Structure formats: C-alpha cells, structure tokens
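For reference, the structure is listed below as structure tokens.
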Amino acid sequence: MLFSAPVAPARTQKTQFQTIPCRPWQPVPEEDKMKFDGSIVPIIDLTKARTGTEEEKQAVAREVGAAARSIGFLVVSGHGVSAEIIERASDTTRRFFDLSLAAKTKYRSPDPEIYRGYFGMETGNLASTIGQEAKPDHREYYNIGRFDLDAEDPYFTSPTAQRIFHDNIWPDADVPEFRHGIVDYYHEMEKLAELLMELCARALDLPADWFADKIDKHITNMVVTNYPDQPEAPEEGQLRAGAHTDYGGLTILKAEDKPGGLEVQTPDGRWEAVPIVPGAFIINLGDLMAQWTNDEWVSTMHRVINPPRDKAVGSRRQSLVFFHQPNYDAIIECIPSCAVKSAPKYGKTTSLEHLEMKMNQMNDTPKFKDMETV
Numbered sequence: 034m035l036f037s038a039p040v041a042p043a044r045t046q047k048t049q050f051q052t053i054p055c056r057p058w059q060p061v062p063e064e065d066k067m068k069f070d071g072s073i074v075p076i077i078d079l080t081k082a083r084t085g086t087e088e089e090k091q092a093v094a095r096e097v098g099a100a101a102r103s104i105g106f107l108v109v110s111g112h113g114v115s116a117e118i119i120e121r122a123s124d125t126t127r128r129f130f131d132l133s134l135a136a137k138t139k140y141r142s143p144d145p146e147i148y149r150g151y152f153g154m155e156t157g158n159l160a161s162t163i164g165q166e167a168k169p170d171h172r173e174y175y176n177i178g179r180f181d182l183d184a185e186d187p188y189f190t191s192p193t194a195q196r197i198f199h200d201n202i203w204p205d206a207d208v209p210e211f212r213h214g215i216v217d218y219y220h221e222m223e224k225l226a227e228l229l230m231e232l233c234a235r236a237l238d239l240p241a242d243w244f245a246d247k248i249d250k251h252i253t254n255m256v257v258t259n260y261p262d263q264p265e266a267p268e269e270g271q272l273r274a275g276a277h278t279d280y281g282g283l284t285i286l287k288a289e290d291k292p293g294g295l296e297v298q299t300p301d302g303r304w305e306a307v308p309i310v311p312g313a314f315i316i317n318l319g320d321l322m323a324q325w326t327n328d329e330w331v332s333t334m335h336r337v338i339n340p341p342r343d344k345a346v347g348s349r350r351q352s353l354v355f356f357h358q359p360n361y362d363a364i365i366e367c368i369p370s371c372a373v374k375s376a377p378k379y380g381k382t383t384s385l386e387h388l389e390m391k392m393n394q395m396n397d398t399p400k401f402k403d404m405e406t407v
C-alpha cells in the first residue's frame, strides 16, 4: 500500500537536527501480543467515537491503542463515510482502469520526479523499499495529491511547498466523473483521518486535539490501485504487491473482497489475511507513527498476494488508499507519554525530513531535495 519503485542501498540522512537511521521493521514484542476473535486484526466500531460521551470515546481509544501496540492494523466500522461516496469513487476508478492502455498512458506525469497520474503495470515493486530483491508488482495505479491549496497561505506557496504540492492530472477527457468522485472521497478521508488521530491522541494519554495543528495542512497522497485478473500465472516470486511497511502516520484502505488480498505479518512471522468487512476500512500505522511513539506502536509488514490458480479468473481487485502524512513542517519527536518506559530512541526531525529519508531509499521515485529549512 505504498510507493512503488526499486530501492537504493540503505543509508542515513543528515537533517538539521541529527542523523536518523533508517529503522527496519521489528516483530511485535512478545509482551505486546494480543489475540482477537478470528483474526489478529481487530474490528473496531467508531460510532461511539463520533457521537458518544467522553467516557465512550476513551473506551474506543483504548481499543485503538491496543491494536496499535500489538499489530498496527485495525478494521473500522461505524466511520460515518457514506456508502454512496465510496461506491462513486470505486466506480469511477474502475472506469478509468477499464480504458485502453493508450488512453491511460495519456495521463502519465510528464516529469518522472513528480508523483502524479497513471503508473502502468509492473513499474516497480514494494518489496524493494525494504531492501528485498523481487519481481515487479502485478498492479497498476493512479496517484492524486492535495488539491485544495490556499494561494494566500505562505505554507502552500513557499519554495518547499512548490516541490511538494503539484498539479494533479485528471482524466477529464475520458472519465470526466473521475475528478468529482475522487475529490469527494478524499475530503471524507480527511475527516476520518482527523477522527482517527484524535483517538490516537487519547490512546497515548494526550489531549484529544494534540495532533490537530500537526495535520491541519497535511501532505497526503491518495493512490487508487488496480490488480487485474491473472488468467496466466505470474512469474515465480511475483506478487500483486510485495512485502513492505508504509511511510507515514497512518493509512486508510478501502479494498474489495476478492481472491488474492491483503496479508499482514504476525508477531511470530506468519502471514495472515486481513479481514474484509463490508462497508469498513482497514487502517494501518506507518513508520512515522512508530518513530513518533518511540516504537510503542508498530508499523507492520504487509503484502498483497496472488489469487489461487483456480480462482484467478474473476479475481480483479481494486483499492483506494489514503496515505495520511502530517504537515511538512510538523516536528516529529518522541511523544511525551512514550518516553516514560524508555528514553527516546530517535532524534527530532520533521514530517518532510522523515519522508525524504524514506524516499531516498529508492532509486526512481520523487525526491524532495534541496529543500529550504523548515
């Protein structure tokens, strides 16, 4: 559920604060393992988090915190996002991916350094982001960035901003309804991300609005992905999406229930299917959140597997992925409540510097270089 490109050798990044090591994924500590009915990934109803009393909101936050510590994944229902908006976004993206290859490639970014628009089949592999050699992922995708930028706000017009915020590429000529469907969905994901970050704050014994000024000008990318049918078997070792962790704060995924789906790596190293609950979203934490919490919360390895050969026809699967990333100048340092059990493991950095560090592990993805100091 991440960016897609080959990986460069692991490195460290010098920031204005200190050199930050690239943290490899670590299994969940034995003492933090937690079992849930039928799956290691819990299903949490957010209804009370939206409309309940303070006590009820705290109860939901405790559930979120337990999942964040044990596996870093959860499934949320009762989120308040309308089924119509979800269906419209899914339908319009399907129509785009149904276009001919010639039509789709019209919407590729003219600049390989700008991560916008259409990316074709097998243009990268996610396993490379953790240093693994792997075949290209069997998928195609489309990337969308923020589009509601305030031209009067220096935050959105600074030299740094000009390197982060790029014009989106919309397939208006071929699928005119695509833009409207995605814009509406993106706005709903912003609201859901705010609710989830409020729950995260509560779970971390922080004021409910602790993250608010750190995500109010977020730099989130959204990726819509198409995993086509596999009438012919993929190459040996080739997956729909190779094993990886996500980079940012948290990821919100809407996935179809089709053969060949998302798996999460359990604390003992097994791979387990993430449950697809009708109408629900899958949430997972990224590397930035793990670092922010001093590794009390985990960013867990996950992948998308191929369908069984007897179910490969009719296994086409789509996903809508919202990679929530805090404001580019948000300071990322050990959250106070996470420094109680152990001393901070990581130096102070920013959301942008953390993202740059991660992106610099890749060869051919956009790199936020020569940035102004934030």
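Positions in the sequence shown are counted from 1; adding 33 to them yields our numbering. Built from N, CA and C at the ideal position, the CB exists for glycine as well. Quick caveat, the model's predicted, so the values are computed rather than measured.
Inter-residue spacing [alpha-carbon to alpha-carbon] between residue i and residue j
| i | j | result |
| --- | --- | --- |
| A194 | D183 | 11 Å |
| G178 | N201 | 6 Å |
| V257 | R83 | 27 Å |
| Q358 | L283 | 7 Å |
| I73 | T299 | 8 Å |
| R349 | D262 | 4 Å |
| A363 | A234 | 15 Å |
| C371 | K378 | 10 Å |
| M255 | K344 | 29 Å |
| T126 | F211 | 6 Å |
| L388 | P340 | 32 Å |
| R95 | K139 | 47 Å |
| I215 | A313 | 18 Å |
| V93 | I77 | 8 Å |
| G380 | M390 | 13 Å |
| E296 | E185 | 44 Å |
Residue i - containing alpha helix (DSSP H), residue span
| i | result |
| --- | --- |
| M230 | 210–236 |
| L388 | 384–392 |
| I118 | 116–130 |
First and last residue of the uninterrupted beta strand (DSSP E) at residue i
| i | result |
| --- | --- |
| Q351 | 350–357 |
| G150 | 150–152 |
| A306 | 304–306 |
| K287 | 283–288 |
| M255 | 254–260 |
| R83 | Counting along the chain, R83 falls outside any beta strand (DSSP E), though it belongs to the alpha helix (DSSP H) covering 80–84. |
| R342 | It is not in any beta strand (DSSP E) - R342 carries neither H nor E in the DSSP assignment. |
| L295 | 295–298 |
Residue i versus the options, residue with shortest Cα-Cα distance
| i | options | result |
| --- | --- | --- |
| Y260 | W243, D320, I338 | I338 |
| L272 | L321, D290, H171 | H171 |
| I252 | P209, F355, T333 | F355 |
| Y148 | M154, Y174, K374, I118 | Y174 |
| A376 | D328, E185, L353, L385 | D328 |
| E88 | L232, D217, Y188 | L232 |
| L79 | V108, R196, R102, I104 | V108 |
| L353 | G105, Y218, V114, G111 | Y218 |
| I197 | N360, D279, E265 | N360 |
| V346 | I368, A266, T278 | A266 |
Reduced DSSP category for residue i - H, G, I as helix; E, B as strand; rest coil
| i | result |
| --- | --- |
| F198 | coil |
| L321 | helix |
| L107 | strand |
| E63 | Unreliable positioning characterises E63 in this predicted model, as indicated by a pLDDT of 44, which lies under 50. A coordinate reading is not provided. |
| Y280 | coil |
| I309 | coil |
| A241 | coil |
| Y188 | helix |
Exposed unless 16 or more other CB atoms sit within 10 angstroms - verdict on residue i
| i | result |
| --- | --- |
| P145 | exposed |
| L237 | buried |
| L134 | exposed |
| V307 | buried |
| K374 | exposed |
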